[in-house]
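Q: The numbering used here runs 26 ahead of the 1-based position in the sequence shown.
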Amino acid sequence: MASLSSLSSLSLALPTISTSESDGLKIRPTTTAPPASSIWRDLPEAEFRQHVVDLEKLTNAVPVEAQTFPLPPSSADADADADAKHAELDDGTIGYQLPLAVEQRLADDIAYLVAVGEGAQSVAATTVQESRSRGEQVQGGAGIRVTVASVDAIEPNSQAFLRSVFQMLSPKGVPSAKASPQLESLLDLVVRHHQARLLNRLRSAKWTKPTYLSRTHKKPLYADFANLVHRVQFLYTKKEAAARAQLEQELLALAALLEAFENEADDDHNRLVDIVRSSYDLCTSPLVADYLQRLKGVRATTQIQACMKTLRQLEKIAACRRICLTLAGLSQSHAKLFRSVELIFLLPYEAVPLTLAYQPWAKSTHVHAEVILSVHHDLEEPNSAWRKPRCLGASKYFCYLCFLFIRHHGAYFAANTHGACYDQWTVPDLAEYPETLASRYREVLRAMDTEIQTQTQGAVWRPEPMTSRENLIGTSGGE
Numbered sequence: 027m028a029s030l031s032s033l034s035s036l037s038l039a040l041p042t043i044s045t046s047e048s049d050g051l052k053i054r055p056t057t058t059a060p061p062a063s064s065i066w067r068d069l070p071e072a073e074f075r076q077h078v079v080d081l082e083k084l085t086n087a088v089p090v091e092a093q094t095f096p097l098p099p100s101s102a103d104a105d106a107d108a109d110a111k112h113a114e115l116d117d118g119t120i121g122y123q124l125p126l127a128v129e130q131r132l133a134d135d136i137a138y139l140v141a142v143g144e145g146a147q148s149v150a151a152t153t154v155q156e157s158r159s160r161g162e163q164v165q166g167g168a169g170i171r172v173t174v175a176s177v178d179a180i181e182p183n184s185q186a187f188l189r190s191v192f193q194m195l196s197p198k199g200v201p202s203a204k205a206s207p208q209l210e211s212l213l214d215l216v217v218r219h220h221q222a223r224l225l226n227r228l229r230s231a232k233w234t235k236p237t238y239l240s241r242t243h244k245k246p247l248y249a250d251f252a253n254l255v256h257r258v259q260f261l262y263t264k265k266e267a268a269a270r271a272q273l274e275q276e277l278l279a280l281a282a283l284l285e286a287f288e289n290e291a292d293d294d295h296n297r298l299v300d301i302v303r304s305s306y307d308l309c310t311s312p313l314v315a316d317y318l319q320r321l322k323g324v325r326a327t328t329q330i331q332a333c334m335k336t337l338r339q340l341e342k343i344a345a346c347r348r349i350c351l352t353l354a355g356l357s358q359s360h361a362k363l364f365r366s367v368e369l370i371f372l373l374p375y376e377a378v379p380l381t382l383a384y385q386p387w388a389k390s391t392h393v394h395a396e397v398i399l400s401v402h403h404d405l406e407e408p409n410s411a412w413r414k415p416r417c418l419g420a421s422k423y424f425c426y427l428c429f430l431f432i433r434h435h436g437a438y439f440a441a442n443t444h445g446a447c448y449d450q451w452t453v454p455d456l457a458e459y460p461e462t463l464a465s466r467y468r469e470v471l472r473a474m475d476t477e478i479q480t481q482t483q484g485a486v487w488r489p490e491p492m493t494s495r496e497n498l499i500g501t502s503g504g505e
């Protein structure tokens, strides 16, 4: 079991090269460009923001439904070929070793691990870059570079935690992704770091609420299982009595585990690990996958929606184990890449006063983590020792404006959006942009503005969405 002291000592002996901009200045200026070279030169920022607010008023600030998007078939085929051959290019370097879908999964998983808080401020985003060299020592021998960004600076303990994760994933560890002591140590480490987040997911009385939630009261998650079990009887026929009984047994077993944890006086870390394990087992059960499909196939009453929400919450708890399994598997199948990992933690940008917003509490702009990463990579030297990332990973689905930005930017696969719009969103307006990059950002913002105005036509009111989903039920999990 990894204690806090062992975590600290472990992080000092890592095969990682870690760079943190937050070792120096704590924040970066958001606006340094003069008006003549501003990214808002052709499209006034006030006009753009007015169009965003107009759309928010018509849609409850949710312009589109939550969506996920499959990889383009051509990209998937090309990645499969690259993964099979690891082809050497004419310049002596190698092509991408990770298929696009795997790069996206890895980036998303790392972002999930780094983000320990809740809300938009805590969203983390990451990119994964592969070394261009097959045999030469690059940056001390690192096989991949992981760059991490957030609206707020990544805390030192989270940086140390991520370094410790990659230490466990180095080829010297994890001989088996299914039952190794290293895998269990990794899960222990992840659960320990995410304890507060997990207690929040469980709606446990053991969770210390932040001040802004101090007056809210919700029943614990295990109380939701009564409805989850009750709905089963309406979705199965008499001929399916055996399957129904087995499903009810699986649901009741997890409910009992959650209730026992809640009724114990102490914060039992081992019991919390058991909850994560059992939640994963439930979410990967074929019976639960079938149950979810049946829930989706009937009218979405309040009770049915509550069942779906409970299952989605369990998926988020189970994600800790799924991610450990996925990372352990990747560290074996791509051992050379995981031999040494370079970690970069980017500085956030300063908040700028905001006068026009849909929400009365919105007083300043924020540069979202996905935009911070995009700007960082756009300013990189073109002949870097690292391949360009193809994906932006995030701990939550992309917000509406980040999704539009990524799609019109064109360098990354726009994997999803939860559909909600945050008008505090902005792009850094920097004097250091070369004119080609400033011009490109102007084009992106104009394209976004056009789409925002188009979306206003026929806009409909939508409820606030879930901003993150794991979609574990009905998949093969992480094994």
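Note that CB positions come from ideal geometry on N, CA and C, so glycine has one too.
Assign Thr153 to buried or exposed, taking buried as 16 or more other Cβ atoms, counted over all protein chains shown, within 10 Å of its Cβ.
A: So Thr153 ends up on the buried side.
Q: Judging by CA-CA distance, which residue of Ala267, Asp292 and Val299 is the nearest neighbour of Leu212?
A: The option with the nearest alpha carbon to Leu212 is Val299.
Q: In terms of alpha-carbon separation, which member of Ile398, Lys414 and Glu461 lies closest to Phe431?
A: Answer by Cα proximity: Ile398.
Q: What are the residues that DSSP puts in a beta bridge with Asp455?
A: In DSSP, Asp455 forms a bridge with Thr57.
Q: With the cut-off set at 8 Å, would you say Trp24 and Ala249 are in Cβ contact?
A: The structure shown does not extend to residue 24, since the chain is modelled only from 27 through 505, so no value can be given for it.
Q: Please identify the residue among Thr352, Leu124, Ala457 and Phe424 whose C-alpha is closest to the C-alpha of Gln93.
A: The shortest Cα separation from Gln93 among Thr352, Leu124, Ala457 and Phe424 belongs to Phe424.
Q: Identify whether Ala420 lies in helix, strand or coil by the three-state DSSP scheme.
A: Looking at Ala420 - three-state DSSP - the assignment turns out to be strand.
Q: Tell me whether Ala62 is buried or exposed, calling it buried when 16 or more other Cβ atoms sit within 10 Å of its Cβ.
A: Classification of Ala62: exposed, given that the 10 Å Cβ count is below 16.
Q: With burial defined as no fewer than 16 other Cβ atoms inside 10 Å of the residue's Cβ, what is the status of Phe371: buried or exposed?
A: Buried, because 16 or more other Cβ atoms sit within 10 Å of the Cβ of Phe371.
Q: When burial is assigned at 16 or more other CB atoms within 10 Å of the CB, is His256 buried or exposed?
A: His256 is exposed by the Cβ-count criterion.
Q: Measure the CB-CB distance between Ser304 and Leu283 and report whether it falls below 8 Å.
A: Yes.
Q: Please tell me whether Val79 and Asp316 are closer than 8 Å, where the distance is taken between their beta carbons.
A: No, they are not a contact pair.
Q: To the nearest angstrom, report how far apart Ala420 and Glu288 are at their CA atoms.
A: Looking at the two C-alpha atoms, the distance is approximately 31 Å.
Q: Cutting at 8 Å between CB atoms, please list the residues of its own chain near Asn442, excluding the five before and the five after it.
A: Ala92, Gln93, Thr94, Phe95, Tyr423, Phe424 and Phe429, listed in sequence order.
Q: Would you identify the three-state DSSP class for Glu266, choosing helix, strand or coil?
A: In the structure shown, Glu266 sits in a helix (DSSP, three-state: H, G or I).
Q: Sorted by chain position, which residues of the same chain lie with C-beta nearer than 8 Å to Asp117's C-beta, five sequence neighbours on each side aside?
A: With a pLDDT of 46 at Asp117, under the threshold of 50, the modelled position of this residue cannot be trusted; read the value that follows with caution. Around Asp117: no qualifying Cβ.
Q: Per DSSP, what are the beta-bridge partners of Tyr375 in this structure?
A: BP columns for Tyr375 point to Arg54.
Q: Does the distance from the C-beta atom of His435 to that of Pro491 stay below 8 Å?
A: No, these two residues do not count as a Cβ contact at 8 Å.
Q: Could you pull out every residue in the same chain whose Cβ sits closer than 8 Å to the Cβ of Pro374, ignoring the five residues on either side in sequence?
A: For Pro374, where only same-chain residues beyond five positions count, the Cβ hits under 8 Å are Ile53, Arg54, Ala175, Ser176, Val177, Asp178, Ala179, Val393 and Ile398.
Q: Less than 8 Å between the beta carbons of Thr89 and Leu81, yes or no?
A: Sequence check: residue 89 is Pro here, not Thr. Closer than 8 Å, so yes.
Q: What's the gap between the Cα of Pro489 and the Cα of Lys362?
A: For Pro489 and Lys362, the distance between alpha carbons rounds to 46 Å.
Q: Candidates Phe74, Thr56 and Val302: which alpha carbon is nearest Leu228's?
A: It is Val302 whose Cα lies nearest to the Cα of Leu228.
Q: Do Glu276 and Val314 have their CB atoms nearer than 8 Å?
A: Going by C-beta atoms, Glu276 is nearer than 8 Å to Val314.
Q: Below 8 Å on the Cβ atoms is my guess for Cys333 versus Asn253; work out the distance and round it to an integer in Å.
A: Right, the Cβ-Cβ distance comes to about 6 Å (below 8 Å), so this counts as a contact.
Q: Locate the beta strand (DSSP E) running through Thr153, then write down its first and last residues.
A: Unbroken beta strand (DSSP E) run through Thr153: Ala150 to Glu156.
Q: According to DSSP, is Gln450 part of a helix, a strand, or is it coil?
A: Coil.
Q: Kindly list the residues whose CB is nearer than 7 Å to the CB of Gln329, restricted to its own chain and excluding five residues on each side of it in sequence; keep chain order.
A: If we look at Gln329 and ignore the five residues flanking it on each side, its Cβ neighbours are Asn253 and Arg257.
Q: Under a Cβ-count criterion, where at least 16 other Cβ atoms within 10 Å of its own Cβ denotes burial, should Trp510 be classed as buried or exposed?
A: It is not possible to answer for residue 510, since the shown part of the chain is limited to 27 through 505.
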